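Per the numbering used here, the sequence shown starts with residue 13, numbered consecutively.
Below is one structure, written out as structure tokens, with a few remarks after it.
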Amino acid sequence: MAYHQAPRDLCIDLGCGNGAASRGLASHFGMIIGVDPSESMLKEARAQTRCRNVQYRQFWAESLPFVQAGTVDLVIACQAAHWFDPDLVWKEMARIVRPGGTVAFWNWGNYAVVGHAHASRVLRKFSSQDLASYWPQPGKGIWDDRMRPVECCDFSNWTDHTRLESDPSGTPHALRTVESIRMQISDTLGGLEALLRTWSSVHEWRRAHPHAASVREGGAGDIVDKLMQDMIEGEENWRSITKSGENWRDIKLELETRSILLMARKA
């Protein structure tokens, strides 16, 4: 919002999913329209939304025929831009965004457990190696390339191209690391387990291994159960807590994730 200089009449949320970002911006704009190709996600978004100025439409990001040219103040995409066709979506953005308007694509991933080096290493291996063949493409490849394939390359229609990164791994790739987009959350090991089980790659792994039932399902354990065990065994304090008879799912932790925000302003 600090970057945005245009009016705040109309915002389009691309790949809106359950509408979390749409609802989050509802108090800042006269009208929010969430767009998603999945009717099931839109059904969930409508069920969770009570804001009168938020609407949802079923469309792909690359083609928004219901939007008049030059009428949109802000376009956002949260955890969705890695699925876009960059050439087509930026062409459509150039059509619908008013002069001075903003496009902002924000993605996050690559979780780390703050203060627990072993757990973070195991978690990175889980994502980048154990699940490597189960991530849908080209989205995972775009994320691994730090969202560069969907950056705006149109310098005739767009100005003030801005890339912000926050990376807990400490790698030198980020052009600029800023606290304003740092993503950190207090959770538990049980909460982390639940989060991992929402990953599309984990769902694909389970489809490929239908007989590998999780411990909670009464089985011998699946890929997530193995990860949690590996993390606990490698962290001395977690291992001690578990051996004392306490529930490992109640162990508190801090999660941090790489965060990338791409922004451009319509010329």
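Think of the CB as a built atom: it goes at the ideal place given N, C-alpha and C, for glycine as much as any other residue.
Since the model is a prediction, treat every value here as computed from it, not as a measurement.
| Check | Outcome |
| --- | --- |
| DSSP-derived helix/strand/coil call for I263 | coil |
| W102 to A92 span [Cα, whole Å] | 14 Å |
| Span separating the alpha-carbon of M240 from that of L201 | 8 Å |
| Coarse secondary structure for Q67, derived from DSSP in three states | strand |
| Three CB pairs or more closer than 8 Å across the stretch 27-40 and the stretch 66-80 | yes |
| Q149 versus W155: straight-line alpha-carbon distance, rounded | 10 Å |
| Y116, DSSP secondary structure in three states | A small fix is needed here, since residue 116 is Ala in this sequence, not Tyr. Strand, per DSSP. |
| Identity of the residue in V214, A232, S213, A124 nearest D179 by Cα | A124 |
| 3 or more residues per run - each beta strand (DSSP E) lying fully within the stretch 193-259 | 195-200 |
| Buried or exposed by the 16-neighbour rule on C-beta atoms within 10 Å, applied to C165 | exposed |
| Buried versus exposed call for D94 [16 or more other C-beta atoms within 10 Å across all chains shown] | The question names Asp, but residue 94 in the sequence shown is His. With 16 or more other Cβ atoms within 10 Å, it is buried. |
| Of the residues A225, G233, R160, the one placed nearest F96, counting alpha carbons only | R160 |
| Per DSSP, the bridge partner or partners of K278 | W170 |
| Paired residues, beta bridge with A89 - DSSP | L26, F117 |
| Cβ separation of N122 and S139, assumed to be a contact under 8 Å, to the nearest whole Å | 7 Å |
| Span of the alpha helix (DSSP H) around G46 | Here G46 belongs to no alpha helix (DSSP H); instead the beta strand (DSSP E) covers 43-47. |
| Any 3 or more C-beta pairs closer than 8 Å across the stretch 72-90 and the stretch 224-241 | no |
| Member of D262, S39, A14 whose CA lies at the smallest distance from the CA of L22 | S39 |
| Where A59 falls: helix, strand or coil (DSSP) | helix |
| Bridge-paired residues (DSSP) for V84 | V109 |
| Contacts around M13, its chain only, beta-carbon distance under 7 Å, and the 5 residues preceding and following it disregarded | H40 |
| Proximity to D262 [Cα-Cα], best of S226, I24, I244, S271 | I244 |
| Distance between beta carbons of T174 and M105, contact taken as under 8 Å | Contact flag wrong, Cβ pair sits at about 15 Å. |
| CB-CB length for A18 against T114, believed under 8 Å | 6 Å |
| Where T61 falls, given that 16 or more other Cβ within 10 Å makes a residue buried | buried |
| Minimum C-alpha distance to N119 - residue among S50, L176, R20 | L176 |
| Same chain only: Cβ atoms within 7 Å of V227, ignoring 5 sequence neighbours per side | G233, D237 |
| C164 in three-state terms, based on DSSP | coil |
| Exposure of A152, with buried meaning 16 or more beta-carbon neighbours within 10 Å | Per the sequence presented here, residue 152 reads as Lys, with Ala not at that position. By the neighbour-count rule (16 or more Cβ atoms within 10 Å), K152 is buried. |
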